[in-house]
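Just add 857 to wherever you are in the sequence shown, counting from 1, and you've got my numbering. We treat Cβ as the ideally placed atom computed from N, Cα and C, and that holds for glycine. Following: one structure in structure tokens, then a few remarks.
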Amino acid sequence: MKVRIKFAKYGTMKYIGHLDMMRFFQKAVRRAGIDVKYSEGFSPHQIMSFAAPLGVGLESTGEYMDLEVLTMTSPQEMMQMLNQVMVEGVEILSVTVLPDHAKNAMASVAAASYRLQSKTGSYPVDNLAGKLQNFLAQDTIPYTKETKKSVVELDLKQGIYALEAEKEGTIRMMVNASSGGNLKPGMIMEQFGRFVGTEIPPSAYQITKLETYTDLAGASSDGQHSFVPLDAVAECS
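Below, the structure is given as structure tokens:
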């Protein structure tokens, strides 16, 4: 039986990297007494997989991991058992039993929504809402992404599904988070700063991932999307 666990990560735990979070959950599952399924072979390990890794320094209310279990009483009881062994800064928000045909969390990720809160209370941009609209209204938003092996030219506009100022000090966005796109909020803010002629360094705002989504429409021919949170997959099956 496979279950999908949604959790929040905040406070000082935002500085813990992905690999350490994996090790933390492996220990937490054992301490909680979860009847987890192990792989076979000489070095058995818990059958566990995470959705897209969260960057160090980011908080989140929409992180996901899949866990295979042999038995369980109820999702609610499993959530309570896990929360009893969590540390401050990590909270289990839901446990959902997945249908047999469901793809794993990592393969399911299509988009993510974020809140970017200014640390000073406002961004150094007049008419922030209007300029975000003008920024997104461009025909293309070119971006040069440099990696250790190559330089890739991207059009950020294709992967921005929503971008708006919620209030003067808060920007919300929904972007492509799939393995083939995977836009980072910092990439968008970097280009937005160039668009308005004002540097907005990453240290100027706190990023919180609000939710992670899958796309029920898949690669539809008309380019339309049907985004739902990863823990809603069972309801939509």
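- With contacts defined as CB atoms closer than 8 Å, SER970 and MET1031 qualify as a contacting pair.
- The Cβ atoms of PRO1042 and LEU993 lie no closer than 8 Å to each other.
- Note that the region 1054-1071 touches the region 899-918; at least 3 beta-carbon pairs, one per stretch, sit closer than 8 Å.
- Its Cα nearest to that of GLN1048, the residue ILE1017 stands out among LYS884, ILE1017, MET858.
- In this structure ALA1089 does not touch HIS1082 by the C-beta definition: roughly 14 Å separates them, more than the 8 Å allowed.
- Our two residues, GLU916 and SER979, have alpha carbons roughly 19 Å apart in a direct line.
- DSSP, read as helix, strand or coil, puts LYS894 in coil.
- When rounded, the separation of the alpha-carbon atoms in ASP1012 and SER896 is 41 Å.
- Distance from the CA atom of LEU939 to the CA atom of ALA968, rounded to whole angstroms, is 27 Å.
- The three-state reading of DSSP puts PHE907 in strand, counting E and B together.
- Shown here, LEU950 sits in a strand according to DSSP, grouped into three states.
- Less than 8 Å separates the beta-carbon of LYS871 from that of GLY914.
- Each of ASN984, MET905, PHE882, LYS894 was checked against the Cα of ILE949, and the nearest Cα belongs to PHE882.
- Between the region 882-892 and the region 933-947, the count of Cβ pairs shorter than 8 Å is three or higher; the stretches touch.
- Between the alpha carbons of LEU924 and LYS988 lies a gap of roughly 43 Å.
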